[in-house]
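In the working numbering, the protein residues as written are 2 to 118. We treat Cβ as the ideally placed atom computed from N, Cα and C, and that holds for glycine. Report on one structure; see the data block that follows.
Given below as structure tokens:
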């Protein structure tokens, strides 16, 4: 059975998966400094990078922001799982999301064509 899926559907499914992961993690574990925080971030990375792979598979452009945050989440997960960082605090988690978004925004601003007056 072949099913046609749009990029919008993939994005919505990824958002639902991320929300489910966050809610489940906060209800079940309830502590960002627990050892499983690295595995939760690995789940975030898998969802974001998997959604972008699915977008490519249906012929849509991948999301630059999704890839940037996915790679940052993967790096954070690996740092946490290997024990290089002791815990994922709110500032670390915020930086893992906001810094890649800022870098993508700056990159887009620099590569945008200049308007001449």
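Spatial neighbours of residue i in its chain, beta-carbon cut-off 8 Å, leaving aside the 5 residues before and after
i           : result
residue 102 : 66, 69 and 70
residue 57  : 63
residue 100 : 73
residue 82  : 39, 40 and 43
Beta-carbon proximity check, residue i vs residue j, cutoff 7 Å
i          : j          : result
residue 52 : residue 15 : yes
residue 94 : residue 8  : no
residue 97 : residue 77 : yes
residue 79 : residue 86 : no
Assumed close pair residue i, residue j - CB separation to whole angstroms, cut-off 8 Å
i          : j          : result
residue 22 : residue 45 : 7 Å
Residues of its chain near residue i, where Cβ-Cβ distance is below 7 Å and the 5 sequence neighbours each way are ignored
i          : result
residue 41 : 22 and 26
C-alpha distance - residue i paired with residue j, whole-angstrom precision
i           : j           : result
residue 29  : residue 47  : 20 Å
residue 88  : residue 106 : 28 Å
residue 24  : residue 5   : 29 Å
residue 84  : residue 92  : 18 Å
residue 113 : residue 104 : 14 Å
Delimiting residues of the alpha helix (DSSP H) encompassing residue i
i          : result
residue 73 : 65-82
residue 98 : 91-112
residue 61 : Counting along the chain, residue 61 falls outside any alpha helix (DSSP H), and DSSP gives it neither H nor E.
Cβ shell of residue i (< 6 Å), same chain only, five flanking positions each side left out
i          : result
residue 50 : 71
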